Structure formats: C-alpha cells, structure tokens
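S.K.:
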Amino acid sequence: MVADDEVPEWAVDVRVRESNTSLLSFPSPILNELLAPLSHPAAPLSYNRYDLAVNLPTNFAAIGDSVMRVNPSFGQGCAKAALGVATLDSALRKVLRPTTCEDDEEDFERSLPDAFGSEFWESHTKRTESIWFSTKAMDYSYASTVPVRGEDLSYGTFGRWYRDQLIELCTKDKQVAEIAWRANMFVGCPTDTLLPSVIAKVAKAWVVREVPRFLKSRWVQFKKEFGSEL
C-alpha cells in the first residue's frame with residue numbers, strides 16, 4: 493500500500509490462521525458481519541482447458557464459471573462472463589453472414605464451419621487466461637492456499653514482486669498507470685505491462701528506491717561494528 497500518511501494500526505490488525513482464513517481481531521462488529529463470508533475457505537478453484545481438448549463439437553462453447561472458477565474475492569465473475577459473451581458474439585458474427593431471401597428479408601446461414609470451435613476457444617483463451625494465472629499467483633501468497641498438484645506456493649513469486657513494484661510506480665508515472673489500468677480493465681492487452689519500456693521503468697524505479705536504502709543500512713551496520721575505532 494502506498495500512502496502519504498502512515499497506515500493506521502487498526503487497518504492492519506488482521507490475523508489469518510494458518511489452518512483456515514478466519515479473520516481475527518477486527519475492531520468493528522459491523523465489518524465483522526460484512527466480512528463473515530470471507531472467513532471461510534473458498535471452494536476448490538478450477539480451470540477447464542477446453543482450448544486444449546480434442547474432438548469437441550464445433551458448436552460447443554462455454555463462458556464464465558463453466559470455464560474457470562477463481563477466488564471470488566477478486567470480483568472477476570462479471571468480467572469473465574462479459575469477455576466470453578463478447579468473444580462468442582464476435583465469432584458468430586464472422587460466420588453467420590446475412591443473406592437476402594426472395595422476399596427481401598434478411599436471413600442467416602445456420603451452419604457453422606468446422607473450425608468455428610477451435611477459433612472461438614483460441615480467441616477466448618487469449619482474452620481470459622490471464623485472469624486465472626494472475627489470481628492464482630496472488631492466492632499462492634497465502635500459506636492457507638492448497639496449490640495445484642505438482643506446484644508449490646513459490647509459484648508466481650516474481651510476478652507478485654513485479655506487481656507490487658508496478659503499483660508503486662503507477663503513483664508516479666501516468667503513462668505506466670494508464671497501461672496498467674487498461675490491462676486490468678481488459679480494454680488493453682494484459683502483456684502490455686511487460687513491455688520493455690515498462691520493465692525498464694520498473695527496474696529503474698526499484699534501483700533508485702532500494703539502492704540508497706541498502707547503502708544506508710550497510711552504513712549503519714558498519715558504524716555499529718567499527719564506530720568505536722573511527
């Protein structure tokens with residue numbers, strides 16, 4: 493969190509048990525009631541990779557939670573559904589061309605090409621898979637998360653670090669802030685935050701911020717160890 497003033501103590505006085513996600517020591521009974529649903533572990537999350545399946549009917553399509561279920565605390569349900577609807581609408585408009593009948597009324601061809609399904613899933617995956625991987629990386633920052641088989645909680649460590657640096661940079665760089673906003677709102681490409689120019693700015697900001705801190709801490713340690721001899 494980036495703020496001009498120190499974060500009040502009550503705002504961070506939340507303890508999470510390792511055995512579950514119960515919230516403790518929250519000061520307000522009203523907030524406790526509002527946050528009660530969050531005190532229970534989320535249902536198992538899943539991502540059905542229909543884009544990798546074979547022999548699916550060409551007219552098979554799915555959107556929203558039927559494709560992936562992510563942690564509801566991120567509030568991505570409507571975004572997933574909207575992206576799925578937009579993708580399906582775009583795919584259908586490409587193949588269902590209006591034709592003119594003898595009575596001059598518009599009609600539509602009712603058959604779908606054999607490649608319709610694969611093209612839909614390719615486009616759908618490009619638009620939505622970032623939701624799964626980004627939210628999973630954030631979930632893995634909590635010790636209570638049960639990782640996917642074959643993975644451990646170290647997954648996404650660099651991504652979480654990069655995200656924190658990017659957010660801090662957004663408070664100072666309007667161009668980066670716009671790129672990040674467009675990516676998060678799904679009106680831009682999710683990988684735009686990894687453009688070389690953005691990575692360079694993130695790295696520079698980190699060096700400018702962290703190198704002085706490191707040198708200062710080393711100097712303080714040096715004075716403690718050898719101050720009496722100087």
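In the numbering used here, each residue's number is its place in the sequence shown (first place is 1) plus 492. Virtual Cβ for every residue (Gly too), placed ideally from N, Cα, C. Note that the structure is predicted; figures quoted are calculated from it, not measured.
#1: Beta-carbon within less than 7 Å of Lys693's beta-carbon, same chain only, minus the 5 sequence neighbours each way: which residues are those?
#2: Would you mind sorting Phe612 into buried or exposed? The rule is 16 or more other CB atoms within 10 Å of its CB.
#3: Hey, how far is the Cα of Thr579 from the Cα of Phe625?
#4: According to DSSP, is Ser689 helix, strand or coil?
#5: Anyone know if the C-beta pair for Ala675 and Asp684 falls short of 8 Å?
#6: Below 8 Å, can you find three or more Cβ-Cβ pairs linking the segment 581–588 to the segment 640–650?
#7: Hey, Tyr647 and Ala629 are a contact pair by Cβ (cut 8 Å); roughly how many whole angstroms apart?
#8: Please classify Gln568 as buried or exposed, where buried requires at least 16 other C-beta atoms within 10 Å of its C-beta.
#9: Do you know whose CA, among Gln713, Ser636, Val577, lies nearest Ala535's CA?
#10: Three-state secondary structure (DSSP) at Met677?
#11: Per DSSP, which residues does Ser538 bridge with? Please list them.
#12: Going by alpha carbons, who is nearest to Pro688 out of Ser709, Met560, Ile671, Arg652?
#13: Please list, in chain order, all residues of the same chain as Leu604 whose beta carbon is under 7 Å from its beta carbon, the five residues on each side excluded.
#14: Going along the chain, which unbroken runs of the beta strand (DSSP E) with 3 or more residues stay wholly within the segment 581–653?
#15: Check whether the Cβ atoms of Asn540 and Val562 lie closer than 8 Å to each other.
#16: Roughly how many angstroms separate the alpha carbons of Ile623 and Val700, rounded to a whole number?
M.R.: The short version:
#1: If you number the sequence shown from 1, residue 693 lands on position 201. Leu661, Asp665, Val668.
#2: Walking along the sequence shown from the start, residue 612 turns up at place 120. Its Cβ being crowded by 16 or more others within 10 Å, Phe612 is buried.
#3: For the purposes of this step, residue 579 is taken as residue 87 along the sequence shown, with counting starting at 1. For the purposes of this step, residue 625 is taken as residue 133 along the sequence shown, with counting starting at 1. Their backbone Cα atoms lie some 19 Å apart in a straight line.
#4: Indexing the sequence shown from 1 puts residue 689 at position 197. Three-state result, Ser689: helix.
#5: For the purposes of this step, residue 675 is taken as residue 183 along the sequence shown, with counting starting at 1. For the purposes of this step, residue 684 is taken as residue 192 along the sequence shown, with counting starting at 1. Cβ distance < 8 Å, so Ala675 and Asp684 count as in contact.
#6: no
#7: Locating residue 647 in the sequence shown gives position 155, counting from the first residue. Locating residue 629 in the sequence shown gives position 137, counting from the first residue. That belief holds up - the Cβ atoms of Tyr647 and Ala629 are roughly 7 Å apart, short of 8 Å.
#8: Translated into the one-based positions of the sequence shown, residue 568 becomes position 76. Looking at its Cβ environment, which holds 16 or more other Cβ atoms inside 10 Å, Gln568 is buried.
#9: Here residue 535 refers to the residue found at position 43 of the sequence shown. Checked all of Gln713, Ser636, Val577; the closest Cα to Ala535 is Ser636.
#10: As a working note, residue 677 is residue 185 in the sequence shown. Reduced to three states, the DSSP call for Met677 is coil.
#11: For this step, residue 538 is matched to residue 46 along the sequence shown. The partner list for Ser538 (beta bridge, DSSP) reads Arg561.
#12: Walking along the sequence shown from the start, residue 688 turns up at place 196. It is Ile671 whose Cα lies nearest to the Cα of Pro688.
#13: As a working mapping, residue 604 is identified with position 112 in the sequence shown. Closer than 7 Å at the Cβ level, and outside the excluded window around Leu604, lie Thr550, Asn551, Val587.
#14: 590–592, 598–600
#15: Here residue 540 corresponds to residue number 48 of the sequence shown, with the count starting at 1. Here residue 562 corresponds to residue number 70 of the sequence shown, with the count starting at 1. Contact flag unset, no.
#16: As a first step, residue 623 is located in the sequence shown; it is residue number 131 there, counting from the start. As a first step, residue 700 is located in the sequence shown; it is residue number 208 there, counting from the start. Approximately 31 Å, taken between the alpha carbons.
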